[in-house]
Structure formats: C-alpha cells, structure tokens
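Undergrad: The opening residue of the sequence shown carries number 0 in numbering that gives the first Met the number 0; numbering runs sequentially from there.
Provided herewith is a single structure, encoded as structure tokens, for subsequent inquiry.
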Amino acid sequence: MIPAVYPQLRLDAAALDHNIRVMADWCKTHDVALSPHVKTTMSAPIIERQVAAGAVGVTVATVDQVATVLGWGHNTVLIANQIVDPFGLARLRAWLIAEPERNIRCFVDSADGVIAANQVFGAHGPALEVLLDIGTPGGRTGIRDPEQARRTAELVRATPGLRLVGVAGYEGVAPNKRIDEVIAAVDEHCRRVRDVYLDVAGLFETDRPVYSMGGSAFPDRVVDLLPTDDDVPGTVRLLRSGCYVTHDHGVYARVSPIPGLVPALSVRAVVVSAAEDGTGVVGAGKRDLPYDAETPILLSASTAAGQDKPDARGRVRALYDHHTVLSDAWNLEVTDVVEFGISHPCSAFDRWPEYLVTNGHGDVIDVWRTDFRRSSIEAHHRQQRQGVVPVDGLEPVGWLIVSGT
C-alpha cells in the first residue's frame with residue numbers, strides 16, 4: 000500500500016483516458032493531425048497513451064526535452080522554438096546522424112536564426128528541417144511582417160543544411176477569454192499564418208508540407224481557418240495542443256471549445272493551522288500548486304479518517320512557498336484533508352518528480368513520474384575543458400548524445 004504522504008499531486012486515470020479519446024475523436028472529425036505539446040506533463044505513461052490514441056508525434060519546447068522523449072522511444076519530434084545555441088544545434092545534428100530515420104524539426108523566425116543553424120548544419124550531413132514561425136504583434140517569438148516571412152523562407156531555401164518544410168503559428172498567446180475582441184484577434188492571427196503559408200508554398204522542400212498551430216484554448220478557430228489540399232496539395236494540418244490531456248478546473252474549463260473534456264488533476268494537502276476564525280492554513284504552497292494563471296480552488300474536504308465534510312468551504316487568499324492561506328473558511332479543522340483543483344496544468348507537473356495515479360473511485364493504483372531534467376552544467380564545462388568544439392567531427396558530437404540523455 001502506498002502511504003498517504005501529503006501534499007500529493009493526483010491524476011485520475013479514467014479522466015485522463017477519457018480526455019485522450021475525446022481529443023483524438025475531435026481531431027479525426029476535423030481532419031487534423033495531433034502532435035501534442037508534451038511539455039505539459041513530460042511524463043512517459045501519459046505520452047504513450049497519447050501516441051497510442053493516434054498522435055503522429057510529439058511537440059516539445061527545448062533541446063533537453065528532445066533528449067528525454069527520444070529516450071522514451073519517440074522519434075518524430077517538433078520543437079516549437081527556434082534553436083540558436085551551438086551546443087543545442089550540435090545535439091540535434093548528432094541525433095539525426097545517429098539515427099537518420101528520426102524526424103526532428105524546429106522553428107525559425109529570422110535571418111540570424113538561419114545563420115546560427117547553418118553554422119552547425121552545413122552542406123554535409125543531415126539537413127535540419129524547419130518551419131517558419133509566424134508571431135503576433137506584442138507576442139513572443141515569430142515573424143511579424145509577411146514580407147520578412149517571404150525573405151526568411153527564401154533564405155532558408157538558399158542555405159545549405161536547412162530545409163523548409165512548413166509554417167507554424169501560436170494562437171494561444173492571446174488572452175484566454177471567449178470574448179469578441181479576443182476571438183477577432185485569434186482569427187486575424189490564423190489568417191496571417193495561413194496567408195504566409197500560401198505565399199511561400201512554392202518554396203517548400205517536401206511533398207508533405209506542414210501547417211501547424213498550437214494552443215489548447217482556440218483550436219476551433221484554427222480548424223475554421225485551415226488551408227486545404229486545394230490550396231497546397233499534400234498539406235499536413237497539425238495541431239500542437241497539450242493541456243487537453245488533463246484539462247483543469249480553471250482557465251481551460253472556461254475557455255476550451257472541445258466538448259466533453261473533464262478535469263483529471265488535483266492536489267491534496269492537510270490543514271496545518273486554523274489560528275483565526277474564518278482562516279485555514281494548508282500545508283501546500285507555491286512549490287506544490289500552480290498559480291501563474293489563477294490560484295487553486297477548494298474542491299472538497301474530509302477528516303483525517305476519511306469522512307467527507309460536504310459543507311466545508313474556503314477561498315485561497317495567499318500562497319507562500321509551502322503554505323496556502325484560506326479565507327472565508329468554514330468547517331475546516333487541523334488535520335483535515337483538502338483537495339484543490341488547479342488552473343493551467345503546464346505549471347503543475349513540473350513541481351512533482353512523481354505523482355499518484357487514481358482510479359475512478361479515487362483509489363491510488365500507481366505512481367508515475369515526470370522528467371523535467373536539464374542538461375548537466377558539468378557536461379558543458381567538461382566539454383570546454385577537453386577543448387571539444389561541438390560542430391566539428393562526429394566523435395565529440397556522439398559524446399553529446401550520452402551526456403544529454
């Protein structure tokens with residue numbers, strides 16, 4: 000029996016499997032492929048289920064995450080980012096040399112990014128397949144100007160070691176609200192990405208070009224504005240949504256357009272203090288609970304012996320490193336066990352190296368793990384001490400494979 004150690008992250012396996020089926024069916028209905036953004040969980044058993052349900056690959060954010068998913072046996076990987084550091088690019092090149100059947104792609108959004116990649120991926124050896132990243136004004140990465148997009152596409156086409164295989168955007172940078180002005184902004188971004196895709200289609204170096212959009216808040220707007228085979232024959236319409244897999248009790252519960260998704264994730268903790276009337280302090284805080292989108296919500300409470308307290312209530316007033324302060328607290332006593340629903344699962348899993356898996360009745364049936372490890376700084380220093388230049392020769396690049404996985 001697994002001891003009841005608190006706090007604990009809990010994943011409802013039945014809800015997880017339900018969400019995976021719902022999303023797979025939704026993608027099939029809308030004729031889109033899914034390469035889920037697995038940075039949400041970085042947990043092998045979850046990703047295995049997503050791929051088994053029809054995902055055509057996985058999406059990650061960093062080169063370290065590439066190393067992890069390759070170690071789990073997933074060889075079709077999209078990096079939703081531009082990679083510009085020589086060490087990271089050398090690792091990508093090494094993996095492609097080691098197993099040429101791997102499909103590792105990344106984004107590019109500038110001439111500087113193209114030049115950086117070309118310094119590692121030259122005329123000899125494998126080519127780095129890239130997608131133009133189209134951004135939004137005031138957003139994050141991505142080309143803002145269509146003319147610049149065209150120039151960058153032409154530069155990629157003319158650069159040895161790089162191959163242009165598609166165009167990508169990210170509509171999720173908009174506020175996660177279902178209001179008219181946000182929907183209009185999302186639609187405008189989708190049209191901008193599609194227009195660039197159509198404009199540079201003659202430069203693609205593949206007969207299966209990729210049109211990729213990400214985010215879990217507005218996939219319905221994406222599918223309404225997709226290019227078709229009549230526009231560009233052979234187009235692969237690829238979604239990168241990730242948060243659907245566990246859904247949540249906050250942002251995505253309100254904004255997701257996918258019908259039938261259910262929250263699969265919660266955090267349990269113990270009331271450790273009730274020093275003032277109407278206040279309860281719970282033994283879990285910022286180190287345990289995500290708070291970047293919204294604070295957690297109290298779902299339920301029970302006594303230490305497991306008796307439900309249906310009339311208990313409380314509202315999160317403040318989060319500290321290891322404590323959560325509840326105000327408007329009622330019928331909560333020291334040693335009671337409370338359960339929180341969370342918002343934005345991307346920042347939940349990275350707090351937990353392992354978490355509890357439950358069945359539909361709340362019984363713990365397994366323990367699963369996450370892997371958000373980063374490359375060893377010592378490995379970088381060792382490389383410098385040995386005088387290894389990562390872009391020269393296959394032997395040192397092969398060494399990188401060992402150190403990065």
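Here a beta-carbon is modelled for each residue, glycine too, at the ideal position from N, C-alpha and C.
(1) In angstroms, rounded to a whole number, what distance separates the CA positions of residue 126 and residue 162?
(2) Which of the three DSSP states is assigned to residue 315 in this structure?
(3) DSSP on residue 370, reduced to helix/strand/coil?
(4) Jot down the residue ranges of each uninterrupted alpha helix (DSSP H) in the stretch 19-61, minimum 4 residues, whole runs only, in chain order.
(5) Are the stretch 81-92 and the stretch 205-219 touching by the rule of at least three beta carbon pairs closer than 8 Å?
(6) Tell me whether the beta-carbon of residue 57 lies closer than 7 Å to the beta-carbon of residue 31.
(7) Which ranges does the beta strand (DSSP E) cover as unbroken runs of at least 3 residues, wholly within the stretch 84-110, from first to last along the chain?
(8) By how many angstroms is the C-alpha of residue 355 removed from the C-alpha of residue 316?
(9) Kindly indicate which residue of 197, 41, 187, 72 has the alpha-carbon position closest to the one of residue 228.
(10) Could you spell out the range, first to last residue, of the alpha helix (DSSP H) harbouring residue 253?
(11) Go to residue 154, then tell me how far its alpha helix (DSSP H) extends in each direction, as first and last residue.
(12) Measure the CB-CB distance between residue 323 and residue 281 and report whether it falls below 7 Å.
(13) When the Cα of residue 199 is compared with those of 247, 156, 235, which residue comes out closest?
(14) Compare the C-alpha of residue 165 against each of 345, 106, 122 and name the closest.
(15) Mind checking whether the beta-carbon of residue 315 lies closer than 6 Å to any heavy atom of the ligand NAP?
(16) Between which residues of its own chain and residue 398 is the CB-CB distance below 6 Å, once the five residues before and five after are set aside?
(17) Taking the alpha helix (DSSP H) that residue 200 belongs to, which residues open and close that run?
(18) Find out if the Cβ-Cβ distance for the pair residue 209, residue 18 is shorter than 7 Å.
(19) Ignore the nearest five residues each way along the sequence and tell me which others in residue 332's own chain have a CB closer than 7 Å to its CB.
(20) Alpha carbon to alpha carbon, how far is residue 92 from residue 71? Give it in angstroms, no decimals.
(21) By Cβ distance, which residues of its chain are closer than 8 Å to residue 138, with the 5 residues on each side in sequence left out?
(22) So, for residue 184: in the same chain, excluding its five sequence neighbours on each side, which residues have a beta-carbon less than 8 Å away from its beta-carbon?
(23) May I ask you to report which of helix, strand or coil DSSP gives residue 13?
(24) Would residue 289 be called buried (16 or more neighbouring beta carbons within 10 Å of its own) or exposed?
(25) What number of angstroms, rounded off, separates the C-alpha of residue 55 from the C-alpha of residue 330?
(26) Per DSSP, what kind of secondary structure is residue 290 in: helix, strand or coil?
(27) Considering Cα atoms alone, identify which of 28, 41, 59 is closest to residue 53.
(28) Given that a residue counts as buried once 16 or more other Cβ atoms are within 10 Å of its Cβ, and exposed if not, what is residue 128?
(29) If you compare alpha carbons, which of 301, 295, 344, 102 is closest to residue 326?
(30) If distances are taken between C-alpha atoms only, which option among 49, 226, 307, 293 comes closest to residue 211?
(31) Would you mind stating whether residue 195 and residue 258 have Cβ atoms separated by less than 7 Å?
(32) Among all the DSSP beta bridges, which residues are the ones paired with residue 340?
(33) Under the three-state reduction of DSSP, which class applies to residue 169: helix, strand or coil?
(34) Going straight from the alpha carbon of residue 239 to that of residue 318, what length do you get?
TA: On the basis of the data shown:
(1) Reading the sequence shown from its first residue, position 127 is the one you call residue 126. Reading the sequence shown from its first residue, position 163 is the one you call residue 162. Their backbone Cα atoms lie some 6 Å apart in a straight line.
(2) Start at 1 with the first residue of the sequence shown, and residue 315 comes out as number 316. Correct three-state label for residue 315: strand.
(3) Within the sequence shown, the letter at position 371 stands for residue 370. The answer is coil: DSSP assigns residue 370 none of H, G, I, E or B.
(4) Counting only runs of at least 4 residues, the stretch 19-61 fully encloses the following alpha helix (DSSP H) elements, listed from N- to C-terminal order: 43-51.
(5) No, the stretch 81-92 is not in contact with the stretch 205-219.
(6) The residue given as residue 57 occupies position 58 in the sequence shown. The residue given as residue 31 occupies position 32 in the sequence shown. Not a contact, by the Cβ cut-off of 7 Å.
(7) 102-107
(8) Counted from its first residue, the sequence shown places residue 316 at position 317. Counted from its first residue, the sequence shown places residue 355 at position 356. Those two C-alpha atoms are separated by around 27 Å.
(9) Here residue 228 refers to the residue found at position 229 of the sequence shown. It is 197 whose Cα lies nearest to the Cα of residue 228.
(10) Along the sequence shown, read from residue 1 onward, the residue named residue 253 stands at position 254. Element bounds for residue 253: 250-254.
(11) As a first step, residue 154 must be located in the sequence shown, where it is residue number 155. Here the alpha helix (DSSP H) through residue 154 covers 145-157.
(12) If you number the sequence shown from 1, residue 323 lands on position 324. If you number the sequence shown from 1, residue 281 lands on position 282. Taking a C-beta distance under 7 Å as the contact criterion, residue 323 and residue 281 qualify as a contact pair.
(13) Taking the sequence shown and counting its residues from 1, one reaches residue 199 at position 200. Nearest option by C-alpha distance: 156.
(14) Counted from its first residue, the sequence shown places residue 165 at position 166. The shortest Cα separation from residue 165 among 345, 106, 122 belongs to 106.
(15) The ligand NAP is absent from the structure shown, which contains no ligands of any kind.
(16) Taking the sequence shown and counting its residues from 1, one reaches residue 398 at position 399. Residue placement at residue 398 is poorly supported in this model, since its pLDDT is 36, which falls under 50; the coordinates still yield a value, given next. The answer is none, since no qualifying residue turns up.
(17) For the purposes of this step, residue 200 is taken as the residue at position 201 of the sequence shown. No alpha helix (DSSP H) contains residue 200, which DSSP labels as neither H nor E.
(18) Counted from its first residue, the sequence shown places residue 209 at position 210. Counted from its first residue, the sequence shown places residue 18 at position 19. By the CB criterion at 7 Å, residue 209 and residue 18 fall outside the cutoff.
(19) In the sequence shown, the residue the question calls residue 332 occupies position 333. Excluding residues within five positions, the ones whose Cβ falls inside 7 Å are 270, 273.
(20) Looking up residue 71 in the sequence shown gives position 72. Looking up residue 92 in the sequence shown gives position 93. Taking the straight line joining both Cα atoms gives about 19 Å.
(21) Translated into the one-based positions of the sequence shown, residue 138 becomes position 139. Here residue 138 has 169, 172 as same chain residues with Cβ atoms under 8 Å from its own Cβ, once five neighbours each way along the sequence are excluded.
(22) Your numbering for residue 184 matches position 185 in the sequence shown. Excluding residues up to 5 positions away in sequence, 135, 173 lie with their Cβ nearer than 8 Å to the Cβ of residue 184 in the same chain.
(23) Residue mapping note: residue 13 aligns to position 14 of the sequence shown, counting from 1. It is helical.
(24) For the purposes of this step, residue 289 is identified with residue 290 of the sequence shown, where counting begins at 1. Buried.
(25) Looking up residue 55 in the sequence shown gives position 56. Looking up residue 330 in the sequence shown gives position 331. Rounded to the nearest angstrom, the two C-alpha atoms are 49 Å apart.
(26) The residue given as residue 290 occupies position 291 in the sequence shown. It is coil, neither helix nor strand.
(27) The residue given as residue 53 occupies position 54 in the sequence shown. Selection 28, 41, 59 evaluated against residue 53 yields 28 as nearest (Cα-Cα).
(28) For the purposes of this step, residue 128 is identified with residue 129 of the sequence shown, where counting begins at 1. The residue in question, residue 128, is buried, as its Cβ has 16 or more Cβ neighbours within 10 Å.
(29) On the sequence shown, residue 326 is found 327 positions in, with the first residue counted as 1. Closest by alpha carbon: 295.
(30) Here the question's residue 211 lines up with position 212 in the sequence shown. For residue 211, the nearest C-alpha among the options comes from 226.
(31) Taking the first residue of the sequence shown as 1, we reach residue 195 at position 196. Taking the first residue of the sequence shown as 1, we reach residue 258 at position 259. Against a cut-off of 7 Å, the Cβ pair of residue 258 and residue 195 comes out as no contact.
(32) Here residue 340 refers to the residue found at position 341 of the sequence shown. Note: residue 340 sits in a beta bridge opposite 265, 296.
(33) Within the sequence shown, numbered from 1, the residue matching residue 169 stands at position 170. Looking at residue 169 - three-state DSSP - the assignment turns out to be strand.
(34) Within the sequence shown, the letter at position 240 stands for residue 239. Within the sequence shown, the letter at position 319 stands for residue 318. If I take the Cα positions, the gap works out to 31 Å.
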